[in-house]
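Chemist: Protein chains in written order, with our numbering: chain U, 1004 to 1359; chain X, 1004 to 1359. Backbone N, C-alpha and C define an ideal beta-carbon position, used for all residues, glycine too. Bear in mind that the values here come from a model prediction, so they are computed numbers and not experimental data. Encoded as structure tokens, here's the structure I'll be asking about.
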């Protein structure tokens, strides 16, 4: 289908592999990378797989000054049957283009990007770890490369894919984390860039994370920037609560990221006939649920952890414990099912998995 | 005072100068740049002036993914007496550190940064144009350079200064522009990063600027992200209105940039005994002032234009004309005084100018 021509230059100086139990997230990269360049008036050109190497840019490049950049995060899984699987990769490419639109950046050809990714994985297949819980983390990203200090959209871009073998997120099994509800800093508001997967959203969150770290909290929970009462996201994940039998998650409101794990979980819950609602969820509602013993479960969802159970929430000095600080039954079932589908050990009724 | 050691490597391949009337903002750069590196646990090191050259970074560098970067904009002026002048440069370095704090980045030594800037200007002095209205635009910036995809503050940074000779902002004399009041997109809210001079704030504004461009508007005027009624900034400038004899500008509220031109203008107006107030300014108030004939003047303020008079405002289909679309008396006086102080032709009663 795809008529994409990719020039492949093999790396003659392959790196030594790092044992799976020594992998640190995002520190080790494979031997190759994909890159394509965009020039206004010409389009995308020079699609190539090359040895993993530095990027060279003029110090006036737009990315350094005005932050035009978007990224995606996805994973490839190698199962015992030797098959490599991707989880809904077309959704990542689609979202990347939505992000590009918000940031006034060139759009990718989604089909070409997927083709490039598949070829890159093929070239670096030996880098995919197969131990339980491991995967190959994939980072497609685009940067604005024009040498110009005027505040305007760049006329040139590079689309790059790098890959990093990652160990198990839960080395000692899935377990809940403590979360600090953020009351001072704001992640995003409607009309801003909160729905785009762009660098500025992450830089702005580091300050709040520093405060959370000091208190021994794994992540912050973001409230809306207007009334500071409605729940938005937790760290860089979407968030779900099970309250008195109903599963609720903040509705996409123009400032929340449209998570692929999030939408998969909603689909899975509906498939199981578990009541799930996308709506506004306030901290007052969480407090009330806690006080009346209805706060059954809480968990973050994202590509890295898949499901990250929440055992404790701190909000303005109040502490809400969830499920005695233990992983809830539904959280565990969702985790096992999703990771099972991703690994090919659980049947995929939705056609989510792409086998390479 | 400063005990900073800067290694200087001269450029043996100097570029040809571009005639002042052919300079385009931020396209031409001088022969040298300053760079220093930061490593957590060591601090700033390897302060050096080197030939202007590309920056080389690992594709996993934090700047590409999580947007930790801050910048400043300032100008050096060469006057007929051969003296090079900077305008309140210590304010830029101070603000840069405030931005670094918000973005969880390493702080610079402000005195060292000024010393580095002065030495860089000395090395590239021949690049400062002297024609009326011209200057040497200076761009200090810092980028996060660590090779790591984990979402956390980088442990390494580079602080870089590049310089670009710029022509006159007003080739045909100071003149008013048309401004579109933005109702869909939001620049920043309190708790976000609006007060920091960081890349993400600029990337997020490009989409609205695209719409403004299509309608023939020079810039957008940003409203607050919460009630969408109070004025924040215009494009990447602060904004002032003269209403019935009083000059008003939006108060610093946690989402507006603390502009150095802005604060200089407030000081100058007070020095002149012109009533000036920092407070909330709503679009309803501007409409009312327009309808009652009290909207005397409006102008943006920033390093690039110094004063940018506003001749027309469009808000939800309504048009407000300011001063018959001509530059107001006060706007002109502020422009002449500030640019005169910067060039050394008008006395500087505030000690703003630093002569090199």
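In angstroms with no decimal places, state the Cα-to-Cα distance between residue 1047 of chain X and residue 1055 of chain X.
Modeler: Position 44 of the second chain, counted from the first residue, corresponds to residue 1047 of chain X. Position 52 of the second chain, counted from the first residue, corresponds to residue 1055 of chain X. Rounded to whole angstroms, residue 1047 of chain X to residue 1055 of chain X spans 20 angstroms at the Cα level.
Chemist: Tell me the DSSP bridge mates of residue 1167 of chain U?
Modeler: As a working note, residue 1167 of chain U is residue 164 in the first chain. Paired residues: U:1140.
Chemist: Can you pull the chain X neighbours of residue 1213 of chain U, defined as C-beta to C-beta under 8 angstroms?
Modeler: Residue 1213 of chain U sits at position 210 when you count from the first residue of the first chain. By Cβ distance, chain X contributes 1107 and 1156.
Chemist: What residue range is occupied by the uninterrupted beta strand (DSSP E) comprising residue 1223 of chain U?
Modeler: Position 220 of the first chain holds residue 1223 of chain U. Here the beta strand (DSSP E) through residue 1223 of chain U covers 1222-1226.
Chemist: If I follow the unbroken beta strand (DSSP E) through residue 1246 of chain U, where does it start and stop?
Modeler: If you number the first chain from 1, residue 1246 of chain U lands on position 243. Taken as a continuous stretch (DSSP letters only), the beta strand (DSSP E) holding residue 1246 of chain U covers 1241-1246.
Chemist: Distance check for residue 1147 of chain X and residue 1066 of chain U, CA to CA, integer angstroms please.
Modeler: Residue numbering aside, residue 1066 of chain U sits at position 63 when the first chain is read from its first letter. Residue numbering aside, residue 1147 of chain X sits at position 144 when the second chain is read from its first letter. Roughly 12 angstroms between the two C-alpha positions.
Chemist: Taking just the CA atoms, how far does residue 1253 of chain U sit from residue 1286 of chain U?
Modeler: For the purposes of this step, residue 1286 of chain U is taken as the residue at position 283 of the first chain. For the purposes of this step, residue 1253 of chain U is taken as the residue at position 250 of the first chain. One C-alpha to the other measures close to 11 angstroms.
Chemist: Using a Cβ cut-off of 8 angstroms (strictly closer), state whether residue 1004 of chain X contacts chain U.
Modeler: Here residue 1004 of chain X refers to the residue found at position 1 when the second chain is read from its first residue. Note that residue 1004 of chain X scores a pLDDT of 45, beneath 50, so its modelled location is shaky and nothing firm can be said.
Chemist: Assuming residue 1268 of chain U contacts residue 1304 of chain U under a Cβ cut-off of 8 angstroms, what Cβ separation, rounded to an integer in Å, is found between them?
Modeler: Position 265 of the first chain, counting from 1, holds the residue named residue 1268 of chain U. Position 301 of the first chain, counting from 1, holds the residue named residue 1304 of chain U. Yes, they are in contact, since the Cβ atoms of residue 1268 of chain U and residue 1304 of chain U sit about 6 angstroms apart, within 8 angstroms.
Chemist: Consider the Cβ of residue 1255 of chain U: report whether some Cβ of chain X lies at a distance smaller than 8 angstroms.
Modeler: Indexing the first chain from 1 puts residue 1255 of chain U at position 252. No, residue 1255 of chain U does not count as interfacial toward chain X.
Chemist: How do the segment 1148-1158 of chain U and the segment 1294-1304 of chain U stand: do at least 3 beta-carbon pairs fall below 8 angstroms, yes or no?
Modeler: They do not touch, by the three-pair rule.
Chemist: Comparing C-alpha positions only, which one of X:1225, X:1280, X:1025 and X:1310 sits nearest to residue 1249 of chain X?
Modeler: If you number the second chain from 1, residue 1249 of chain X lands on position 246. For residue 1249 of chain X, the nearest C-alpha among the options comes from X:1280.
Chemist: Under 7 angstroms from any heavy atom of the ligand SAH, does the C-beta of residue 1176 of chain U make it?
Modeler: The ligand content of the structure shown is nil, which means the ligand SAH is not present either.
Chemist: Which residue wins for smallest C-alpha separation from residue 1049 of chain U, given the options U:1033, U:1059 and U:1010?
Modeler: Position 46 of the first chain, counted from the start, is the residue given in the question as residue 1049 of chain U. The candidate whose alpha carbon is nearest that of residue 1049 of chain U is U:1010.
Chemist: How would you call residue 1174 of chain X, buried or exposed, if buried means at least 16 neighbouring beta carbons within 10 angstroms?
Modeler: Working through the second chain from its first residue, we reach residue 1174 of chain X at position 171. Exposed, by the Cβ-count rule.
Chemist: Flag this pair as yes or no: are the beta carbons of residue 1115 of chain U and residue 1007 of chain U separated by less than 8 angstroms?
Modeler: Residue mapping note: residue 1115 of chain U aligns to position 112 of the first chain, counting from 1. Residue mapping note: residue 1007 of chain U aligns to position 4 of the first chain, counting from 1. Going by C-beta atoms, residue 1115 of chain U is nearer than 8 angstroms to residue 1007 of chain U.
Chemist: Starting from the beta carbon of residue 1206 of chain X, find every residue of chain U whose beta carbon is closer than 7 angstroms, and list them in chain order.
Modeler: On the second chain, residue 1206 of chain X is found 203 positions in, with the first residue counted as 1. What residue 1206 of chain X touches in chain U: 1069, 1070, 1071, 1106, 1201 and 1203.
Chemist: At what residues does the alpha helix (DSSP H) containing residue 1065 of chain U begin and finish?
Modeler: The sequence position of residue 1065 of chain U within the first chain is 62, counting from 1. Element bounds for residue 1065 of chain U: 1065-1069.
Chemist: Determine which residues share a DSSP beta bridge with residue 1145 of chain X and list them.
Modeler: In the second chain, counting from the first residue as 1, residue 1145 of chain X sits at position 142. Bridge partners of residue 1145 of chain X: X:1073 and X:1162.
Chemist: Please classify residue 1232 of chain U: is it buried, with 16 or more other beta-carbons within 10 angstroms of its beta-carbon, or exposed?
Modeler: Within the first chain, residue 1232 of chain U is the residue found at index 229, counting from 1. The residue in question, residue 1232 of chain U, is exposed, as its Cβ has fewer than 16 Cβ neighbours within 10 Å.
Chemist: Determine, for residue 1353 of chain X, whether the minimum Cβ-Cβ distance to residues of chain U falls below 8 angstroms.
Modeler: Against the second chain, residue 1353 of chain X aligns to sequence position 350. So, not an interface residue.
Chemist: Excluding the 5 residues preceding and the 5 following residue 1319 of chain X in the sequence, name in chain order all residues of the same chain whose CB lies nearer than 7 angstroms to its CB.
Modeler: Residue mapping note: residue 1319 of chain X aligns to position 316 of the second chain, counting from 1. The residues are 1186.
Chemist: Measure the beta-carbon distance from residue 1040 of chain U to residue 1161 of chain U and round it to whole angstroms, keeping in mind my assumption that it falls under 8 angstroms.
Modeler: The sequence position of residue 1040 of chain U within the first chain is 37, counting from 1. The sequence position of residue 1161 of chain U within the first chain is 158, counting from 1. 5 angstroms between Cβ atoms; contact.
Chemist: Ignore the nearest five residues each way along the sequence and tell me which others in residue 1224 of chain U's own chain have a CB closer than 6 angstroms to its CB.
Modeler: For the purposes of this step, residue 1224 of chain U is taken as the residue at position 221 of the first chain. Correct list, in chain order: 1182, 1184 and 1237.
Chemist: Quick one: is residue 1089 of chain U buried, meaning 16 or more other Cβ sit within 10 Å of its Cβ, or exposed?
Modeler: On the first chain, position 86 is the one that residue 1089 of chain U refers to. Classification for residue 1089 of chain U: buried.
Chemist: When the distance is taken between beta carbons, is residue 1113 of chain U closer than 8 angstroms to residue 1097 of chain U?
Modeler: By one-based count along the first chain, residue 1097 of chain U stands at place 94. By one-based count along the first chain, residue 1113 of chain U stands at place 110. The answer is yes: Cβ separation under 8 angstroms.
Chemist: I want to know whether the segment 1102-1112 of chain U touches the segment 1192-1202 of chain U - three or more CB-CB distances under 8 angstroms.
Modeler: Contact between the segment 1102-1112 of chain U and the segment 1192-1202 of chain U is present, because at least three Cβ pairs lie under 8 angstroms.
Chemist: If you reduce the DSSP assignment to three classes, tell me which class residue 1290 of chain X lands in.
Modeler: For the purposes of this step, residue 1290 of chain X is taken as the residue at position 287 of the second chain. Residue 1290 of chain X: helix per DSSP, three-state reduction.
Chemist: Below 7 angstroms between beta carbons is the criterion; list the residues of the segment 1094-1125 of chain X that meet it against any residue of chain U, in chain order.
Modeler: Flagged, chain order: 1105, 1106 and 1107.
Chemist: Does the segment 1209-1227 of chain U touch the segment 1211-1228 of chain X, meaning 3 or more C-beta pairs lie closer than 8 angstroms?
Modeler: As far as the Cβ criterion goes, the segment 1211-1228 of chain X does not touch the segment 1209-1227 of chain U, which means the pair count is below three.
Chemist: Taking only beta-carbon positions, decide if residue 1181 of chain X is within less than 8 angstroms of chain U.
Modeler: What you label residue 1181 of chain X is simply residue 178 of the second chain in a count that begins at 1. With 8 angstroms as the cut-off, residue 1181 of chain X does not count as an interface residue toward chain U.
Chemist: For the segment 1219-1231 of chain U, which residues have a CB atom closer than 9 angstroms to at least one CB atom of chain X, in sequence order?
Modeler: Per Cβ criterion, the list reads 1228, 1229, 1230 and 1231.
Chemist: Could you spell out where the alpha helix (DSSP H) holding residue 1092 of chain X opens and where it closes?
Modeler: Here residue 1092 of chain X corresponds to residue number 89 of the second chain, with the count starting at 1. From DSSP, the alpha helix (DSSP H) with residue 1092 of chain X extends over 1092-1105.
Chemist: Less than 8 angstroms separating the beta-carbons of residue 1306 of chain U and residue 1201 of chain U?
Modeler: Here residue 1306 of chain U refers to the residue found at position 303 of the first chain. Here residue 1201 of chain U refers to the residue found at position 198 of the first chain. Result no, Cβ atoms of residue 1306 of chain U and residue 1201 of chain U do not sit closer than 8 angstroms.
Chemist: Against chain U, with Cβ distances strictly below 8 angstroms, would residue 1312 of chain X count as a contact?
Modeler: If you number the second chain from 1, residue 1312 of chain X lands on position 309. For residue 1312 of chain X, the answer is no, since every Cβ of chain U falls outside 8 angstroms of its Cβ.
Chemist: Taking only three categories from DSSP, how would you classify residue 1275 of chain U?
Modeler: Counting from 1 along the first chain, the entry for residue 1275 of chain U is found at position 272. Three-state DSSP puts residue 1275 of chain U in coil, outside helix and strand.
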